[in-house]
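> Quick one: the structure is below, and I'll ask about it shortly.
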Amino acid sequence: MSHQPPVSPDKLPDFQAYQLQFTQHIRDPKNQPRPAEVSAKRMAIYTEIVYNNIEGTLASCFPVTKKILSKHKWQLLVRGFLAEHQASTPFFREIPAQFLLHLVNINLKERKLPAFLPEFMHYEWVELALSVQDTSVNFETIEANANDLLDWPIVFSPALFLLQYDYPVHLISPKFMPKQKPNVPSHLLVFRNLHHQIKFMELNPITFHLLTLLRDESLTGQLALEKLASVYPQISSEMIIQFGATTLTELKASGVILGVKKDAL
315 MSHQPPVSPD KLPDFQAYQL QFTQHIRDPK NQPRPAEVSA KRMAIYTEIV
365 YNNIEGTLAS CFPVTKKILS KHKWQLLVRG FLAEHQASTP FFREIPAQFL
415 LHLVNINLKE RKLPAFLPEF MHYEWVELAL SVQDTSVNFE TIEANANDLL
465 DWPIVFSPAL FLLQYDYPVH LISPKFMPKQ KPNVPSHLLV FRNLHHQIKF
515 MELNPITFHL LTLLRDESLT GQLALEKLAS VYPQISSEMI IQFGATTLTE
565 LKASGVILGV KKDAL
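Letter by letter, the sequence shown follows residues 315 to 579 of this note's numbering.
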């Protein structure tokens with residue numbers, strides 16, 4: 315998929331000019347001529363093989379996107395990706411991520427695509443990203459049986475995304491496609507547990523803020539909740555700490571939290 319900016323075939327040796335014309339036609343058969351040396355029938359076979367491989371990979375990662383778009387719009391989106399995108403990696407497994415990069419660089423309105431599409435497709439991609447993410451856990455450094463999650467730095471599952479979207483991507487389906495952004499964003503947690511299962515959770519804004527503090531600043535539960543209380547002065551500190559302690563216990567039971575750091579005990 316990776317390629318350089320267009321080069322005129324006239325400035326290349328014959329074999330490179332042939333290769334360039336061949337690949338340009340495979341990418342964009344509607345607008346790029348095939349090499350004269352190859353019959354239209356043979357060239358159509360090559361073009362179809364490449365398109366079907368790319369389309370199949372994308373359809374398996376973005377099944378709901380394919381459903382909510384018309385067949386014509388989905389095909390145009392895939393064709394546009396093949397013709398226009400300059401990939402930054404040669405790895406086939408990275409095609410869905412490259413598709414997302416292509417999506418944020420095109421004019422959605424001009425192509426009559428829904429405004430929520432980039433966020434929704436990112437949400438669909440997250441499941442694939444977590445399923446193949448190469449992570450390892452050194453349980454010798456974790457106290458997994460710790461009951462006190464407030465006084466020590468917390469260890470999260472390493473395969474975890476904290477996500478904030480303008481659109482309610484977790485609700486989008488062929489029967490529900492929002493026309494406008496809601497007033498309140500959606501906060502989601504997606505993680506892979508120790509049984510290699512992908513789990514999705516909808517979070518309220520306070521829980522999302524708490525987990526962001528714990529993950530990004532490596533605070534203890536107590537310090538994170540005290541910091542959170544200063545952000546929400548309308549809620550008593552006691553209520554926030556009680557809420558936070560309960561939330562952390564529930565997240566540990568669900569596998570989001572693995573325990574606390576042993577070297578801090």
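We put the CB at the ideal spot given by N, CA and C, even for glycine. Computed from a predicted structure; not experimentally measured.
Could you check whether Phe514 and Val570 sit closer than 8 Å to each other, using their CB atoms as the reference points?
No, they are not a contact pair.
> Beta-carbon separation of Leu525 and Leu477 under 8 Å?
No; because the gap between Cβ atoms is not below 8 Å, this pair is not in contact.
> At a cut of 8 Å, does the region 402-416 reach the region 365-375 through at least three beta carbon pairs?
A contact exists between the region 402-416 and the region 365-375.
> Where do the N-terminal and C-terminal ends of the beta strand (DSSP E) with His339 fall, by residue?
Note, His339: premise wrong, no beta strand (DSSP E); alpha helix (DSSP H) at Asp328 to Arg341.
> Could you compute how far the alpha carbon of Tyr481 sits from the alpha carbon of Pro347?
Roughly 41 Å separates the two Cα atoms.
> What's the C-alpha gap between Phe557 and Ser487?
Each residue's Cα considered, the two are about 33 Å apart.
> Out of Val574, Lys325, Asn367 and Glu438, which one is the CA nearest neighbour of Tyr479?
Taking only the C-alpha atoms, the option nearest Tyr479 is Glu438.
> Where in the region 400-478 do unbroken runs of the alpha helix (DSSP H), each at least 4 residues long, occur, reported from the N-terminal end onward?
Complete alpha helix (DSSP H) runs here, min 4: 409-418 and 431-446.
> Measure the C-alpha to C-alpha separation of Phe654 and Phe336 and round it to an integer number of angstroms.
Outside the modelled stretch of the chain, which goes from 315 to 579, sits residue 654, for which no answer is possible.
> Can you name, in chain order, every residue of its own chain whose Cβ lies under 8 Å from the Cβ of Thr563, other than the five neighbours on each side?
Counting only Cβ-Cβ distances below 8 Å, and skipping sequence neighbours, we find Leu463.
> Rounded to the nearest angstrom, how far is the Cβ of Val483 from that of Leu572, given a contact under 8 Å?
Not really, about 27 Å apart at Cβ, beyond 8 Å.
> Pop quiz: Ile456 and Lys576 are said to be a contact at Cβ under 8 Å. What is the actual Cβ separation, rounded to whole angstroms?
Between Lys576 and Ile456 the Cβ distance is about 6 Å, and since that is below 8 Å, they are a contact.
> Under 7 Å from any heavy atom of the ligand SAM, does the C-beta of His484 make it?
What this structure holds is no ligand at all, so the ligand SAM is not there to describe.
> Determine the contact status of Asp448 and Thr534, defining contact as a CB-CB distance below 8 Å.
Result no, Cβ atoms of Asp448 and Thr534 do not sit closer than 8 Å.
> Out of Ala538, Ser471 and Ile340, which one is the CA nearest neighbour of Ala358?
Nearest option by C-alpha distance: Ile340.
> Compute the Euclidean distance between the alpha carbons of Leu417 and Ser500, then round it to the nearest angstrom.
Each residue's Cα considered, the two are about 21 Å apart.
> Report the partner residues of His501 according to the DSSP bridge assignment.
DSSP, once it has assigned bridges, lists Gln478 and Leu517 as partnering His501.
> Under three-state DSSP, which class holds Arg356?
DSSP places Arg356 in helix when its eight states are reduced to three.
> Any idea which residues DSSP pairs Lys575 with across the strands?
Per DSSP, Ile456.
> Output needed for Pro496: all residues of its chain with C-beta closer than 7 Å, excluding positions within five of it in sequence on either side, in chain order.
Excluding positions up to five away in sequence, the list reads Pro482.
> Please report the Cβ distance between Leu360 and Leu396, rounded to the nearest whole angstrom; I am assuming they are in contact, meaning their Cβ atoms lie under 8 Å.
Before going further, note that residue 360 is Tyr rather than Leu in the sequence given. That pair is no contact at about 13 Å.
> Under 8 Å between the Cβ atoms of Pro472 and Phe430?
The answer is no: Cβ separation not under 8 Å.
> Mind reading off the beta-carbon distance from Ile512 to Leu414? Whole number of angstroms is fine, and I expect it under 8 Å.
The pair is not a contact, with the Cβ atoms about 18 Å apart (cut-off 8 Å).
> Who pairs with Thr379 in a beta bridge, going by DSSP?
Looking at the DSSP assignment, Thr379 forms no beta bridge with any residue, so it has no partner.
> What residue range does the alpha helix (DSSP H) around Lys489 cover?
Per DSSP, Lys489 belongs to no alpha helix (DSSP H) and is neither H nor E.
> Taking the DSSP output, what are the residues bridged to Thr534?
According to DSSP, Thr534 bridges with Pro467.
> Using DSSP with H/G/I as helix, E/B as strand and the rest coil, what is Ile549?
Of the three classes helix, strand and coil, the one that applies to Ile549 here is coil, per DSSP.
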